[in-house]
Amino acid sequence: MVHIVTGVLLLIFLLVYLQDRRKVSNGFFLSLFLLSLYLSITYEALTTRPPVIFWLFIIITILGLAFLLLGGFALMVFLLINARILFKREGARLRNSLTLATGLGILSLFVLSFFPIQDYFPEQLHFLFTFSIFCIQYIAFFFIEFFISSMLYQVYFPKYNKDFIIVLGSGLINGNQVPPLLQSRINKALSFYHKQREKTDKRAKIIFSGGQGPNETTSEAEAMAQFALSNGLPPEDAILEDQSVNTEENMRFSKQKMEERKMDDYQAVYVTNNFHLLRAGMYAKRAGLKAQGIGSKTAFYFWPNAFIREFIAYIVLYRKIHFAILSLVFLILLASTIFLQWIN
Numbered sequence: 020m021v022h023i024v025t026g027v028l029l030l031i032f033l034l035v036y037l038q039d040r041r042k043v044s045n046g047f048f049l050s051l052f053l054l055s056l057y058l059s060i061t062y063e064a065l066t067t068r069p070p071v072i073f074w075l076f077i078i079i080t081i082l083g084l085a086f087l088l089l090g091g092f093a094l095m096v097f098l099l100i101n102a103r104i105l106f107k108r109e110g111a112r113l114r115n116s117l118t119l120a121t122g123l124g125i126l127s128l129f130v131l132s133f134f135p136i137q138d139y140f141p142e143q144l145h146f147l148f149t150f151s152i153f154c155i156q157y158i159a160f161f162f163i164e165f166f167i168s169s170m171l172y173q174v175y176f177p178k179y180n181k182d183f184i185i186v187l188g189s190g191l192i193n194g195n196q197v198p199p200l201l202q203s204r205i206n207k208a209l210s211f212y213h214k215q216r217e218k219t220d221k222r223a224k225i226i227f228s229g230g231q232g233p234n235e236t237t238s239e240a241e242a243m244a245q246f247a248l249s250n251g252l253p254p255e256d257a258i259l260e261d262q263s264v265n266t267e268e269n270m271r272f273s274k275q276k277m278e279e280r281k282m283d284d285y286q287a288v289y290v291t292n293n294f295h296l297l298r299a300g301m302y303a304k305r306a307g308l309k310a311q312g313i314g315s316k317t318a319f320y321f322w323p324n325a326f327i328r329e330f331i332a333y334i335v336l337y338r339k340i341h342f343a344i345l346s347l348v349f350l351i352l353l354a355s356t357i358f359l360q361w362i363n
């Protein structure tokens, strides 16, 4: 029976994933399948005991226990070390403090776990302690699923048949210079552009999408296009979308540019940094844009802080749903406390 459940969960995951690769629920269904697969391996290891399956069960179990016991501590140490490296290379700015804040948050939870905090609350307010624990577990759960879904979304091998390649802007330095982060996006787009020409002889148009910020002397689109032209892009294959101020507008306004040229009959791909791919895909879906994303590499020391920022942005994007769920749990706990106080 356990093997049937595993097979069904695998089928569900594949159907959901292939239907839309941009859902965080993909990570959830993959997690369910992997858990069921472990139970299947456990069943075989403890019943029929084939040597390969048995030792696979032992190894997975040891690794799983190590993760449960030491994973939080290892993550805390990693985040604090990463924060130090990030501050050293990028400066001690507020936007670079997310790994530090998360690491200190985990450290605080470790310290607080040694104290009977609940005993300091009146019995009528114990539900607040329970609710706080639920909120932490809720955020941790969605962070894990967001991470898994993001990794899944990296697995994409686009066909070399694109009419358009969209490069998403990310801000300029010194008012008009393309920073390394944005250069990596442009270089990824140019790499795909040239590979497609080599393999299929089809020339795509590259849409540089990004408006002019308050501290910029030119639009991101113009600066990106100039960088691409200086690196071999023919001028006739560059399209500027210089009105957007965020990712959602990048997608919506780029879609308008494409439809002006090919209506709905177009093949497109967008390019951004790998940590930003999944959320960008969510905005593409909202805009009705028929495109998937390919990610440019990001320096490893920069990635954790950027990914935490992406997760926070995802929570904010779906804040109404998350707020509704947490509010419902809060009201249930409050009602349960009132009811228990009443019957006693």
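Per my numbering, the sequence shown starts with residue 20, numbered consecutively. Every residue, glycine too, gets a C-beta built ideally from N, C-alpha and C.
Going by alpha carbons, who is nearest to L296 out of D284, E279 and A325?
A325
Tell me K224's beta-bridge partners as DSSP assigns them.
F183
According to DSSP, is Q286 helix, strand or coil?
coil
Considering just the uninterrupted stretch of the alpha helix (DSSP H) at S210, what are its terminal residues?
P199 to T219
Is DSSP giving S59 helix, strand or coil here?
helix
Considering S116, what are the terminal residues of the alpha helix (DSSP H) in which it resides?
Premise fails: S116 is in no alpha helix (DSSP H) and is neither H nor E.
Going along the chain, which residues of its own chain have a beta-carbon closer than 6 Å to the beta-carbon of Q231, five neighbours each way excluded?
S238
Once DSSP output is grouped into helix, strand and coil, what is the label at E260?
strand
What residue does the beta strand (DSSP E) around I313 start on, and which one ends it?
A310 to S315
Check whether the stretch 277–291 touches the stretch 177–188, taking contact to mean three or more Cβ pairs, one atom from each stretch, closer than 8 Å.
yes
Continuous alpha helix (DSSP H) stretch holding V43: start and end:
Premise fails: V43 is in no alpha helix (DSSP H) and is neither H nor E.
Best match in S59, D220 and Q262 for proximity to V227 [C-alpha to C-alpha]
Reading off the sequence shown, one finds Phe at residue 227, where the question assumed Val. Ranking S59, D220 and Q262 by Cα distance to F227 puts Q262 first.
Quick one: residues in its chain with C-beta nearer than 7 Å to the C-beta of I313, no 5 flanking neighbours on either side, listed in chain order?
Y175, P177, K207, F211, V288 and V290
With C-beta atoms as the reference, is I104 less than 7 Å away from Y320?
yes
Kindly confirm or deny that the stretch 141–149 and the stretch 239–257 touch, where touching means at least three C-beta pairs closer than 8 Å.
no
Reference Y285, options G307, R298 and F153, closest by Cα
G307
Candidates P135, A159, R114 and P141, of which the one nearest I125 by Cα:
A159
Cβ separation of R305 and E267, assumed to be a contact under 8 Å, to the nearest whole Å
7 Å
Quick one: what does DSSP say T266 is sitting in, helix, strand or coil?
helix
Using DSSP's beta-bridge definition, name the partner residues of N292.
S315
Assign F32 to buried or exposed, taking buried as 16 or more other Cβ atoms, counted over all protein chains shown, within 10 Å of its Cβ.
buried
Compute the distance between the beta-carbons of G46 and I167, then report whether it is under 7 Å.
yes
Quick check: is any heavy atom of the ligand FAD less than 6 Å from the C-beta of K309?
The ligand FAD is absent from the structure shown, which contains no ligand whatsoever.
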